[in-house]
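> I have a structure I would like to understand better, so I am pasting it below and will then ask my questions one at a time.
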Amino acid sequence: MIEAAQIRNFCIIAHVDHGKSTLADRFLELGGLKQRILYEQVLDSNPIERERGITIKLAPICLEYQLPGNHRQIFNLIDTPGHVDFSYEVSRALAACEGAILLVDATQGVQAQTLAHAQVATNLGLTLIPVINKIDLDYANVNQTVRHLVEFFGFRESEILNVSAKTGEGVEKLAQEVIARIPPPKAIEQKELRCLVFNSVYDAHQGAVAWIRVVDGSIARGDIVKLAMTDVQSKVEELGIFKLNRQPVPILTAGQVGYVVLGLKDARLVKIGDTLTGMAGDIEPLPGYQTPRPVVYLGLYPASGDDPQRLRDALEKLALSDSSLIFSPEYSSVLGQGFRCGFLGLLHADITQERLEREFKVETFATTPSVSFAVIFKDGHKEEIVSATKFP
Numbered sequence: 006m007i008e009a010a011q012i013r014n015f016c017i018i019a020h021v022d023h024g025k026s027t028l029a030d031r032f033l034e035l036g037g038l039k040q041r042i043l044y045e046q047v048l049d050s051n052p053i054e055r056e057r058g059i060t061i062k063l064a065p066i067c068l069e070y071q072l073p074g075n076h077r078q079i080f081n082l083i084d085t086p087g088h089v090d091f092s093y094e095v096s097r098a099l100a101a102c103e104g105a106i107l108l109v110d111a112t113q114g115v116q117a118q119t120l121a122h123a124q125v126a127t128n129l130g131l132t133l134i135p136v137i138n139k140i141d142l143d144y145a146n147v148n149q150t151v152r153h154l155v156e157f158f159g160f161r162e163s164e165i166l167n168v169s170a171k172t173g174e175g176v177e178k179l180a181q182e183v184i185a186r187i188p189p190p191k192a193i194e195q196k197e198l199r200c201l202v203f204n205s206v207y208d209a210h211q212g213a214v215a216w217i218r219v220v221d222g223s224i225a226r227g228d229i230v231k232l233a234m235t236d237v238q239s240k241v242e243e244l245g246i247f248k249l250n251r252q253p254v255p256i257l258t259a260g261q262v263g264y265v266v267l268g269l270k271d272a273r274l275v276k277i278g279d280t281l282t283g284m285a286g287d288i289e290p291l292p293g294y295q296t297p298r299p300v301v302y303l304g305l306y307p308a309s310g311d312d313p314q315r316l317r318d319a320l321e322k323l324a325l326s327d328s329s330l331i332f333s334p335e336y337s338s339v340l341g342q343g344f345r346c347g348f349l350g351l352l353h354a355d356i357t358q359e360r361l362e363r364e365f366k367v368e369t370f371a372t373t374p375s376v377s378f379a380v381i382f383k384d385g386h387k388e389e390i391v392s393a394t395k396f397p
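Per our numbering, the very first residue in the sequence shown carries number 6; after that it's consecutive.
As structure tokens, then:
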């Protein structure tokens, strides 16, 4: 059984294109997966991620890092997106960790999302390790980047590490600093089970698959568990950890990150931010997440011949792992029945439409994007309008 003291749960946060996924590749090599890496950015498993060269979904993996003296350390590493449209993915990953590597490109310095992600991590009480990447490039400005990290975040120069995720320089020292600086999870195996659902996906054969961080207690195959928000009870059909693929294990203990299959075919029953508990009495749920507020709205309508119900089913399954996506029915006299959808940005909307076509074979038409409007009526009451058809 894995002791909590052996575990380090951490993620990599940075502005877009600062080298998060490449650094994750180097950690995979340290964890003994070098021979199995056939391409770069291996955690960017979605074809859209690989084609566009960006991370759009958080990606966890469990690594074993061997220390001198035959001591084993478990790294639960979560790679995260850098683009502002997917910042909600970062906040969910941070809530499952005790620490984060704050990665900064030495050729670009501190950027907007560097500041935004660091603020979220600090508010959650995580330990930050500042790391300067791309030091192998001729035009890297390491000294200026160090000054910015000291000025903007208050780090001491001695805390800042230099690496090249491309060549691997400095990565082993970084791994040792992860062990030294990031605390192990404060987990109590003897307490009643509480797991944070930090993501979920839909599997055509297994139904909803919840990605969990075991906060207290332990969970095993065959256990009867309950989801706090929906009060749904279910039997654990399978659970496991994240390697390059999902790897089943008989038990997950306090502090571990993994997945659980509950045999639920209704995707709406598993909600991100929910608490998975045992059946013993009243158990206080975990805080969960603040629901993100969409900033861009547009209508999605099925292309010719497509059934609106197919589009609804696809949107529900997408929303299972993307709770920042919201939608409601909308009717157009020209396009027929469709859905008004809210997104965190235009890239988020574009990616969603592409995923509908690729993953669910549902082609859509999209209307012109708009923002929400606050309408104040003569009697003084205020309403938020997200569609032109709703204007009074």
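All C-beta atoms, glycine included, are put in the ideal place defined by N, C-alpha and C.
(1) Give me whichever residues DSSP pairs with LYS231 in a beta bridge.
(2) Can you tell me whether GLU34 is helix, strand or coil according to DSSP?
(3) How far does the beta strand (DSSP E) with PRO189 in it reach, from first residue to last?
(4) According to DSSP, simplified to helix, strand and coil, what is HIS23?
(5) Provide the residue span of the beta strand (DSSP E) that contains ILE106, from first to last.
(6) Would you mind giving the Cβ-Cβ distance between GLN78 and ARG13, rounded to the nearest angstrom? I have them listed as a contact below 8 Å.
(7) Give a yes or no on whether the minimum CB-CB distance between VAL300 and chain C is below 8 Å.
(8) Flag this pair as yes or no: are the beta carbons of LEU201 and VAL220 separated by less than 8 Å?
(9) What residue does the alpha helix (DSSP H) around ASN148 start on, and which one ends it?
(10) Roughly how many whole angstroms lie between the Cα atoms of ALA10 and GLN261?
(11) Does the region 241-261 touch the region 171-188, meaning 3 or more C-beta pairs lie closer than 8 Å?
(12) Which two residues bound the contiguous beta strand (DSSP E) that contains GLN71?
(13) Between the alpha carbons of VAL390 and SER205, how many angstroms are there, rounded?
(14) Is the region 263-275 in contact with the region 316-328, if contact means three or more CB pairs nearer than 8 Å?
(15) So what's LEU244 in DSSP terms, helix, strand or just coil?
(16) Reducing DSSP to helix, strand and coil, say where SER375 ends up.
(17) Checking the sheet assignment: what are the DSSP bridge partners for THR258?
(18) In this structure, how does DSSP classify SER328 when only helix, strand and coil are distinguished?
(19) Among THR172, ASP287, LEU154, which has the Cα closest to the Cα of GLU197?
(20) At the level of alpha carbons, what is the spacing between VAL230 and LEU33?
(21) Does ASN128 pass the burial test, meaning 16 or more other C-beta atoms within 10 Å, or should it be called exposed?
(22) Determine the direct distance from the alpha carbon of LEU72 to that of GLY343, and round the result to whole angstroms.
(23) Can you have a look at GLY304 and say buried or exposed, based on whether 16 or more other CB atoms are within 10 angstroms of its CB?
(24) Among GLU362, CYS16, LEU352, TYR70, which one has its Cα closest to the Cα of GLN181?
(25) Report, in whole angstroms, the separation of the C-beta atoms of ALA213 and LEU281, which I expect to be a contact under 8 Å.
(26) Give the secondary structure of ARG298 by DSSP, where H, G and I count as helix, E and B as strand, and everything else as coil.
(27) Identify whether PRO313 lies in helix, strand or coil by the three-state DSSP scheme.
(28) Give every residue of the same chain whose Cβ lies closer than 8 Å to the Cβ of VAL147, excluding the five residues on either side of it in the sequence, and list them in chain order.
(29) Could you tell me the alpha carbon to alpha carbon distance between ALA105 and SER26, rounded to whole angstroms?
(30) Are the beta-carbon atoms belonging to THR369 and LEU316 less than 8 Å from one another?
(31) Among VAL115, TYR144, LEU63, which residue has its Cα nearest to the Cα of HIS20?
(32) If you drop the 5 nearest sequence neighbours on each side, which residues of the same chain put their C-beta closer than 8 Å to that of ALA354?
On the basis of the coordinates in this document:
(1) GLN238, THR282
(2) helix
(3) No beta strand (DSSP E) holds PRO189; DSSP gives it neither H nor E.
(4) coil
(5) 104-110
(6) 7 Å
(7) Within the model displayed, chain C is absent; a lone protein chain is all it includes.
(8) yes
(9) 147-158
(10) 11 Å
(11) no
(12) 64-72
(13) In the sequence as displayed, the identity of residue 390 is Ile instead of Val. One C-alpha to the other measures close to 30 Å.
(14) yes
(15) strand
(16) strand
(17) SER223
(18) coil
(19) ASP287
(20) 33 Å
(21) exposed
(22) 56 Å
(23) buried
(24) TYR70
(25) Incorrect: roughly 12 Å between the Cβ atoms, too far for contact.
(26) coil
(27) helix
(28) ALA111, ILE137, ILE140, ASN167
(29) 14 Å
(30) yes
(31) VAL115
(32) VAL301, LEU303, CYS346, PHE348, ALA371, PRO374
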